[in-house]
Structure formats: structure tokens, C-alpha cells
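Everything on this sheet refers to the single structure shown next.
2 protein chains.
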Amino acid sequence: MSTAKFHRAAVQVHEAQARIAKHIPRGRTEYVPLADAHGRTLASAITAPHAYPFFRRSGMDGFAIQSADTLLATSEHQVWFRVIDEIPCGYTSEHIITPGTAARIMTGAQVPEGADAVVMMEMTESKQEQGEHWIALKRQIQVEANITPIGLEVQEGQQLLEAGTVIGAGEQSVLATFGVADVPVFERPKVAIFATGTELLEVHEPLQPGRIRNSNSYMLRSLVVEAGGEPIMYGAIADDVNTARAKLEEAIRDNDMVVTTGGVSVGDYDIMGELVLEEQMQMLFNKVTMRPGSVTTAARYKDKLLFALSGNPGACFVGFNLFVRPTLRAMQADAHPYLEEWTATLQVGYDKVNNFTRFVRGRTIIRDGKVYAVPAAARIDESSVMITIKDSDCLIVVPPEQKGIAAGEQVTILRLPAGQAR
Amino acid sequence: MSTAKFHRAAVQVHEAQARIAKHIPRGRTEYVPLADAHGRTLASAITAPHAYPFFRRSGMDGFAIQSADTLLATSEHQVWFRVIDEIPCGYTSEHIITPGTAARIMTGAQVPEGADAVVMMEMTESKQEQGEHWIALKRQIQVEANITPIGLEVQEGQQLLEAGTVIGAGEQSVLATFGVADVPVFERPKVAIFATGTELLEVHEPLQPGRIRNSNSYMLRSLVVEAGGEPIMYGAIADDVNTARAKLEEAIRDNDMVVTTGGVSVGDYDIMGELVLEEQMQMLFNKVTMRPGSVTTAARYKDKLLFALSGNPGACFVGFNLFVRPTLRAMQADAHPYLEEWTATLQVGYDKVNNFTRFVRGRTIIRDGKVYAVPAAARIDESSVMITIKDSDCLIVVPPEQKGIAAGEQVTILRLPAGQAR
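Structure representation (C-alpha cells):
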């Protein structure tokens, strides 16, 4: 048993995050067709190649006129206009609106030259006379009425989207509007995932005494996808440091990052814990002042990051969210790569304390405009517990050395990125 | 111009939702490998085929013993145990622990028969004598100490996951643990998307006077993906009811649902509005008491749903989130298909009122444990505005006939499903 493992120097979560942050590479850029860009992260800022709206746009179905013509219009005094054109959406008029003339115009169509107002169709009276179409108005119309000016939403050259933005519906809308047919996005960082543990069975294998199925690799796979990475599954290996070293070599060579689960506790078979202490590795930390997951380990090898997470499902989940996810987001220029912090009222007291900061899986409830947090399942909140991960949308931060936290007290919660599953 | 269009009977949002709900088909089931199940929706409930843990599991690296042996152990009186086996994770012991014997055991390994407690390695003293390994204890150990009992997390037959659950990291973990290698999920409903409007250009086309690029189709594509559907892009068609009818025939035939944008306002070229009034269509509603998007229209045709959304980007966005998204979620057995309602404090007053309920795009802020909502951009909050969609994570509900809402007042907000983009 290696002595070094018993003398791990524990670092604070923030210190651990800072040590990783120094070594996060910037992702590579690729171009994808707009239709494939949903869910990807922008690799460069997008600025507007033109104003939007690009032309004076009618906000109504109605008539384009010169507003000055209506100065004397009242309910007693109709003013008449000769309709000289009809402008559907997508067409432009070849006529110029002059005093006494109007053009029928549709919502969204370009307001013709000469006109400075659009009047709603419902405000007008209509007549046909000698093959000509006339409309009448009984009230004054303001300059620019129902005209959306050029550039109301966006000026030419204005920044539309920052690098690091995840592309969703609103971003697609912007990109399409401005003709960004090929979108610069970050390549999804390739993340090798493997588990260590002679006890691990594949998902399709029948259970055997003393063994469990490899669930953490699948959990990590999902988490990597949610964080914008591309998971590459390397399965599970037995507890053997040489096997692990060989697997790591292969995984580091072919991927941007390696995440392992298991083999980091203080024990005889904790092969990842041993591996990161070898000469060729630059160990960043191998103990963090947190529960669960105090054995969470990070190292650099051949200029790439290796995260050796705990084999306990809950600890593996917390370790990923505090360290791996932010790394994947930061590789993709996310300005806020860490979990979002909220203040919440603890709905149910929590009295399990520790000399390390505890990250308790919990659920957020919004009631009457206030945020409450409920520990996922107090009875079985242990790092080893798998079943409550699915019920959690936050980590409740329980500071060290406290005498527990009573219901009604304020706590800090870290929001887990939810719903990205869909 | 059809008279019927001028006499649309407006229905409340809830009534419109209820009319749709009567006609929502249940999605079809397919089986996908677990690794591909992320983001899909479970089509049937999953129950536990076995307890979990499946065996008595050691929670520590240490020694399995009979706790009764330690009854007389004190700091003055060591009790000695002969170590008869070593049990790594994944192995089971062929030995039975009897009084005076112990087995070295690893965290996560199966506790051997006869043993009823595990003692931490750090609590023991160790010696080798005549080729035998002995350990000593100086304190009493409780029955079941450091043993996770069978079924602590899950009992055999217990329901693990409901139908309608979206599969994320926690669900993957559960499915893998219980050996669900092929997962029953709903087929992604195929949603045909097309836009109407002679003014529409493709994304790669250069701008032309009076024309705009078809951005709503891309926005809808993203929204469909986020709601768990499979978008099928049918492009944009000119304002012609015969073209629209032909396109609709094709789209209805090959898909589970059709969503269109544009052509539903009260005007000459509002072809979708006309189309849904034709004999073969079962119109469900063509006016809703809401802004933006009062012209939002839904119909049934050949047993499938057609949603004709407004061509205004903001109105199209609201219409999708209030009507189409819930339909896609309900097809996939989602128990909560509608947008989640929160109460929030309005951070910035909003004074634009209407005789219809207004759904104002906004941003949620959590501060000191309270929920605040900020209208996305008061200056240009019009249904036609595209640029603020990306900055919105909620719809602020402004009831009709109010004199605006002052900053500090309580409002209801509908949370938009965020982050699913990733």
C-alpha cells in the first residue's frame, strides 16, 4: 500500500477548480449547417451584417399614405386618397406615394417611397369610381404610424451573439435572420469514459453475487452530452494498474479528455489513485474538502486533463458537476462554466454534518415566489446512493463544522443544468 | 376576402389547450440501446427486477467480523481475529466467518456469510504470526456496522421510473443498474414544419428589398427538438392557398403533426386561415384571447393535428410553447406537459395592456431566495420582435384589462424549458 495515498493534501473545491482552470484548452472550431447547429456552442461572436428590419416594414394590413394629408381629417371632414398600388409581402412598389395617393399594403411588406405612415384598413372607407379605388379617412394619422423603422431591432455591425453561447431556438432565429447558413461552433470535446472495478458487469449481463452493473459510465455519458461533449465509451476494466495505464494511454491519445470512475479511494485496489502519482503524470489534486467525493482526483497527462472520479455514484455525480462539466463548458468559451448559485430556504432540516463541505443532492421548489430546497432523500443520503440522482436538480451546500441546518434556514444551492436531457 | 375570417370566435388559452387535448394521440413505442436513450422519453414504467443493493455490501475498506466477538473489547482489552480470507470487489468468499475469524474486505464487496459487521481498517492493529495474519480490535462494534443491507435503495418489484420520464443522467444510472439494455421509449413524433410567405428567402440567399429570410422555420425546428420531436423541414411556400393545400397534404401524410408559420392574420394573403375553414378540416380554434398570437389556429385533418402559428416571430414562439410543445410532451406521456407556473416579483414595471391576456417574454432572476421577472426588452416588446426571443426564459402573464403592473407586484410567469439545447 502506497504511503503517499494516506497523506493526501486536501484542497478546497474552489482551489481545485482553479488548479484545473489553468490547464483548460480552448476547443477547436468547425462549421456546421444551421439546421445542425441546435445545441452546439458558438465558437465566435456573430455581428449583424445588416440592420434589422432591413427596410421600413408595415406593421398592419392597411394603406401607406403621407401623414400630412390627414392634417385636416375629422369625423366631419373625410380626406380621400386614390389607391395606386397593392403591395403584398415580399414585393416592392414601383410607385412613389405622393399627396392624395395611397397604396394597399400587407403586414410585413416594405413601405413604399414617399409614404410616412400606414393606416389600418379598418379605419378606412372604400369606394370604386370609374375603375379607380379610393379610400377615405376621418382622422389625423401620425408620422411613422404603424411603420417599423429600419434597424429597430438591430443596427448593422451590432454584436448579435457572443462566443460561448449555446444555440437554441432564439439563437437559431437570429442566425437564420442574418443569413448565417454555416455556423462556427466548437467541435464537441471528445471525452473518453471508463470505469475501473473487477466487480463491474456490462448492462446486458445477468447479475452475479458480489457484482454490480457498470452504471456510472452511462451516467457519465449523459452528463458529457449535457455539457456539450462527445462521450466515447471505453467500458470497464478490472482492478489492475497496468491495464488502467494501457487504457489511459489509448484514451488520452484519441480524445480531448479522460474521465474515469472508481479506483481512487484509499485501499489496496485503488489503481487510479496510484496511477496519477506516477512520474509521467502531473497530479493537480487527489483530495478535496468535500463530501461526497473527497477522493476526487485530477491530473494532467500529455497536455490533456484526466479526471479520476469516485466509483460511488453520488460522489461521481458531484465530482462531474463541480469539475468536469465546468471544464467542458470553459473549453467552449462559456462565460459562466460553473453551476449557478442560488440562495434558498431549506424546507426540511438536514443534520448530517462533516468536517468537509457537504454537497447534498436536492430538489428545488418554487412557492409563492420563493425558492425552497429539499434534500433528495434524507434517509439514504450517502455518497454511494444511486437512486436519488434522478430526483435531484440542485446540490445543497452544507458548510463544514455546522450543527446541521434547520428547516427554514437559508442555504446556498448549486443548480444542476436541468432538462438538457430533452 | 372571406367574411368568416372577420368573425373569428376568440377562445381562452385554457379552452384552446383543452380542445387540443381531446385529440392528442399516444406516441408509438420503440426500443433503443441504453447508450442511445439519453434525451428520449420512457414509453413504459420500469420496475426493479431485483433489490438494490443485491447483496450485503461493505461500506468500508476493513474487516468483516462477527460483532458479538467485540462485546468485551476495550482499550485495555484487545480482541484478536485470525484473517481467513481477502475479498476484493467483485469476488465472493468461500469462507464463512465464525467466532474469532475475520476477512479482509474492500468497499463495495459482498460481506461474507457469518459476518454481521465491517470494521474500518484504521481501527485495527495487525500482526503476522507463523504465516498467519491477525488483527486486533480495542472497541465494541455494532451489529450491521458499515454494511449496506440488501434493498436499502430499492426493493424488488418497486417502480423505478414512470412512463413519460425524460431520460437524463440519473435515469441512465438507474436503467444501467437494473440491466435495462434496451429501453422502451416513444418514437420521436415527426413534425412537419413549413412557412408561408412570398417574402421569405432561404437562409443562404442574399437579402432583397422587401424580403426577409425564413427564420421561424429554424426557430420551430429547435423548439421541436427541445420538445422531443423530430422536425422535418418543408421550407417556405409562396402565399397561395392551392400550394399550401398541396404542401399540407404531403406533410400530413408523412408526419405525425404539421406546424406552419404565417398566413393566419386577417388579410388578403392569409392562406392558412382560409385553408382551415375548408370542408375537409376540423377547425378547433382560429382565435385565442392572447397577445401576441391571437390568430393562432389549430385544426384536425386526417386524424392529425395541424397548428397554424403566426408569422410574427414572437407570436410564433408563444404559440408553440402554449400549444404545440404541450402536445408533443403529452404524446410522450409527460405528466406535466404544460409550461411550469411560478409566482415572481416583477422587477421592472410593465404598462402595455390589452383586452387580451399578454404573454410577455422575460428573464427570470433569483436574488436572495426570491424569484424576479424582467420583461426582455420593454422598448421593443412587440409580437413581431425576433431579437429578444434568445434572451427569454419565461413568459410573464399580464392579465387583460389591467392598468399595467408596477415594479414590485406579483406576477405569474410560465417557465420556458431551458437548456435543453445542450
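Top line first, the protein sequences correspond to chains A and B.
The first sequence lines up with residues 1 to 422 when you count with UniProt numbering.
The second sequence lines up with residues 1 to 422 when you count with UniProt numbering.
No residue lacks a Cβ here, since even glycine has one placed at the ideal position from N, Cα and C.
Would B/Thr198 pass as a contact of A/Gly59 if the rule is Cβ separation under 7 Å?
Result no, Cβ atoms of B/Thr198 and A/Gly59 do not sit closer than 7 Å.
Quick one: list the residues of chain A neighbouring B/Pro209, beta-carbon separation under 7 Å, in chain order.
Result: Phe55, Thr92 and Gln110.
So A/Pro154 contacts chain B; which residues on that side make the cut at Cβ distance below 7 Å?
Residue identity differs from the one stated: residue 154 of chain A is Val in this sequence, not Pro. In chain order: Ile387.
Can you pull the DSSP bridge partners for A/Cys394?
A/Gly362 and A/Arg415
To which residues of the same chain is A/Pro149 closer than 8 Å at the C-beta, ignoring the five residues directly before and after it?
Contacts found: Pro53 and Arg56.
Taking Cβ-Cβ distances shorter than 8 Å, what residues in chain A pair up with B/His204?
Gly179 and Ala181
In chain A, which residues lie less than 7 Å from B/Asn31 when you measure between Cβ atoms?
Here the sequence assigns Tyr to residue 31 of chain B, which means Asn is not the residue at that position. What B/Tyr31 touches in chain A: nothing, since even the nearest Cβ is about 13 Å away.
For A/Pro49 and B/Gln12, I'd like the C-alpha separation in whole angstroms.
41 Å
Have a look at the DSSP bridge pairing and note the partners of A/Ile147.
A/Ser58
By Cβ distance below 6 Å, which residues in the same chain neighbour B/Met283 in space, the five residues on each side in sequence not counted?
Val276 and Ala299
Starting from A/Glu76, follow its DSSP beta bridges and name the residues at the other end.
Note: A/Glu76 sits in no beta bridge, so no partner.
For A/Ala251 and chain B, any beta-carbon pair shorter than 7 Å?
So no, A/Ala251 is outside the interface.
Cα separation between A/Lys304 and A/Met257?
The straight-line gap from Cα to Cα measures roughly 6 Å.
So what does DSSP say about B/Glu274, is it helix, strand or coil?
helix
Do B/Val411 and B/Leu306 have their CB atoms nearer than 7 Å?
The beta carbons of B/Val411 and B/Leu306 sit no closer together than 7 Å.
Using the rule of at least 16 other Cβ atoms within 10 Å of the residue's Cβ for burial, across every protein chain shown, is A/Asn321 buried or exposed?
Buried, since its Cβ has 16 or more Cβ neighbours within 10 Å.
Straight-line gap, B/Thr243 to B/Ser217 (C-alpha atoms, nearest Å)
17 Å
Please classify B/Phe356: does DSSP put it in a helix, a strand, or coil?
coil
Give the list of continuous beta strand (DSSP E) stretches no shorter than 3 residues that lie fully inside the region 111 to 171 of chain B.
117 to 120, 125 to 129, 132 to 137 and 159 to 161
What residues of chain A sit near B/Trp342, judged by a beta carbon separation below 7 Å?
Ile366
Decide if B/Gln420 is buried, meaning its Cβ has at least 16 other Cβ atoms within 10 Å, or exposed.
With a pLDDT of only 37 at B/Gln420, under 50, the local geometry of the prediction cannot be trusted, and the value read off the model is given with reservation. Flag for B/Gln420 reads buried.
Distance check for B/Pro313 and A/Ser93, CA to CA, integer angstroms please.
25 Å
A/Gln110 versus A/Ile87: straight-line alpha-carbon distance, rounded
8 Å
Taking Cβ-Cβ distances below 9 Å as the criterion, which residues of the region 129 to 158 of chain B are in contact with chain A?
For the region 129 to 158 of chain B, which is checked against every Cβ of chain A, the residues closer than 9 Å are Thr148, Leu152, Glu153 and Val154.
C-beta atoms of B/Ser294 and B/Lys302 nearer than 7 Å
It is not a contact, given that the beta carbons lie outside the stated cut-off.
What do you get for A/Glu332, buried or exposed, if any count of 16 or more other CB atoms within 10 angstroms of its CB means buried?
In the sequence under discussion, the amino acid at residue 332 of chain A is Gln, which differs from the Glu named in the question. Buried: at least 16 other Cβ atoms inside 10 Å.
Near B/Arg19, which residues of its chain fall below 8 Å by C-beta distance, leaving aside the five closest residues on each side in sequence?
Hits under 8 Å: Val11, Leu284, Phe285 and Ala298.
Could you tell me if B/Thr3 is buried or exposed, where buried requires 16 or more neighbouring beta carbons within 10 angstroms of its beta carbon?
Note that B/Thr3 scores a pLDDT of 47, beneath 50, so its modelled location is shaky; the value from the coordinates is reported in the next line. It counts as exposed.
Going along the region 21 to 53 of chain B in order, which residues come within less than 7 Å of chain A, judged by CB to CB distance?
Leu34, Ala35, His38, Gly39 and His50
Where B/Gly314 sits in the DSSP three-state scheme:
Three-state result, B/Gly314: helix.
Does A/Gly131 pass the burial test, meaning 16 or more other C-beta atoms within 10 Å, or should it be called exposed?
exposed
Starting from B/Pro326, trace the alpha helix (DSSP H) both ways and give me its first and last residue.
Counting along the chain, the unbroken alpha helix (DSSP H) around B/Pro326 starts and ends at Arg325 to Met331.
Please tell me whether A/Glu274 has its Cβ less than 7 Å away from any Cβ of chain B.
no
Neighbourhood of A/Thr29 by C-beta, 8 Å cutoff - its chain only, sequence neighbours within 5 removed:
Ala43, Ser44, Pro184, Val185, Phe186 and Glu187
Can the beta-carbon of B/Arg213 be found less than 7 Å from the beta-carbon of B/Leu223?
No, the Cβ-Cβ distance between B/Arg213 and B/Leu223 is not below 7 Å.
Between B/Gln17 and chain A, is there a C-beta pair that is closer than 7 Å?
no
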